[in-house]
Amino acid sequence: MVRWECVLGTIGLIVAVAWALYLLYLFLEIHVLPGRPLTVYGANAKLRGAGSWALVTGATDGIGREFAMQLAAKGFNIVSVSRTAEKLAALGREIEKQYPGTKTCYYAMDFTHAGTTEYEGLAQLISHLDVAVLVNNVGVSHTMPVPFLEMDEAEMEAICEVNVLGTQRMTRLVAPRLVRRGRGLILNLGSFSGQWATPLMATYAGSKGFLIAFTQALGEELRRAKVDVQLLNTYFVVSNMSKVRRASLLVPTPSTYVAAVLSRLGRASGALGRPFTLTPVPAHAWLDWVTAHFVPGWLLLRKAYDVNVSVRRRALRKAERLAKAQ
């Protein structure tokens with residue numbers, strides 16, 4: 001009896017030590033360990049203009065704008081792609097003024113309606129550039145939470161066109177160049193909606209769920225060519241898309257979010273154990289890890305449903321008030 005007690009005690013001690021070491025590593029992964037330096041991909045902040053190029057989609061607002069600005073600060077030249085030429089030109093001027101010597105160019109394209117001609121035009125623009133980084137940031141969401149059977153078909157098609165096909169087309173356009181140069185980086189903007197699934201946002205959640213599988217498969221395919229592919233698992237960030245206006249511990253500003261991404265490239269943070277995935281913001285990372293390990297999926301679905309029903313009611317009441325005021 002005593003012998004069995006010793007065996008069980010030893011097993012318990014081993015398990016406790018293993019968990020303690022795992023949690024210590026998780027803490028280091030989220031808060032301490034540095035990511036891969038951007039100089040690996042050709043960033044050159046000491047001699048601006050001599051570095052390689054980063055291409056950012058959805059670059060004129062929010063997270064995309066911050067990626068363009070912060071990648072320029074790190075020493076990349078910037079190709080910005082978005083809908084509005086005036087905003088793109090203004091962004092280029094701001095980058096060149098703030099970081100003298102940095103080169104910029106832009107391409108105005110509406111991903112919702114882009115076809116072969118538009119993508120070929122972008123391919124022609126970058127044909128002579130040493131593009132080393134692709135940030136697939138552009139995305140479309142629902143105007144408000146909506147049951148799938150009630151949603152507008154045009155909105156459904158726009159979400160799929162931009163979030164799924166747009167990401168694939170941009171990757172097909174840029175990835176061969178990264179393979180040929182022997183080193184590159186592709187960042188795909190993911191969402192907790194893809195990981196948890198989100199009732200009343202089924203199409204958006206499905207598009208982000210696609211990015212999880214797409215990034216992991218592509219990451220393994222391109223790993224041997226030294227092209228790094230990562231899904232950025234993202235909770236709320238202050239932006240027009242999220243409709244959140246005030247920053248908090250769980251809702252960082254775009255500046256804070258992008259800084260976290262660029263400081264943790266190649267790591268997993270709260271996505272520890274999931275290949276080619278990074279949850280960059282520490283608060284998001286802990287939320288990701290805890291929910292993935294301890295919260296049952298059915299509970300997450302029900303909670304998301306209840307929250308989105310409430311959000312939809314408020315949005316409909318607001319729309320009704322605005323309609324009456326006109």
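Sequential numbering from 1 applies to the sequence shown in the working numbering. Virtual Cβ for every residue (Gly too), placed ideally from N, Cα, C. All figures in this text were calculated on a predicted structure; none of them were measured in a lab.
Query	Result
Rounded straight-line distance, which links the Cα of L13 to that of R172	51 Å
Length of the line joining the Cα atoms of R312 and S207	20 Å
Backbone CA spacing between C105 and G297 [nearest angstrom]	44 Å
Inter-stretch contact at 8 Å, needing at least 3 Cβ pairs: the segment 219 to 229 / the segment 167 to 186	yes
Endpoints, the beta strand (DSSP E) within which V40 is located	Looking at the DSSP string, V40 is not in any beta strand (DSSP E), and its letter there is neither H nor E.
Residues that D228 bridges to, as DSSP identifies them	L185
Touching by the beta-carbon criterion (3+ pairs, under 8 Å), the segment 41 to 58 and the segment 120 to 136	yes
Whole-angstrom C-beta distance between P252 and S239, which should lie under 8 Å	So it is not a contact: roughly 10 Å between Cβ atoms.
Given F76 as reference, the closest of Q216, T39 and K243 once Cα atoms are compared	T39
Opposing strand residues paired with N308 [DSSP bridges]	According to DSSP, which records beta bridges pairwise, N308 is partnered with nothing at all.
Pairwise C-alpha distance: F148 and T203	7 Å
Exposure label - P100; buried when at least 16 CB within 10 Å	exposed
For L278, the three-state DSSP class (helix, strand or coil)	strand
Where L173 sits in the DSSP three-state scheme	helix
Where I78 falls: helix, strand or coil (DSSP)	strand
Cβ-based neighbour list, R85, same chain, cut-off 8 Å, excluding 5 preceding and 5 following	A quick correction: the sequence has Ala, not Arg, at residue 85. Contacts found: Y106 and A108.
Inter-stretch contact at 8 Å, needing at least 3 Cβ pairs: the segment 212 to 224 / the segment 253 to 270	no
Exposure label - F294; buried when at least 16 CB within 10 Å	exposed
Same chain, Cβ closer than 6 Å to A283, five either side skipped, listed in chain order	L249 and L250
Where the beta strand (DSSP E) containing A85 begins and where it ends	No beta strand (DSSP E) contains A85, which is instead part of the alpha helix (DSSP H) from A85 to Q98.
Inter-stretch contact (C-beta, 8 Å, three-pair minimum) for the segment 305 to 323 and the segment 151 to 163	no
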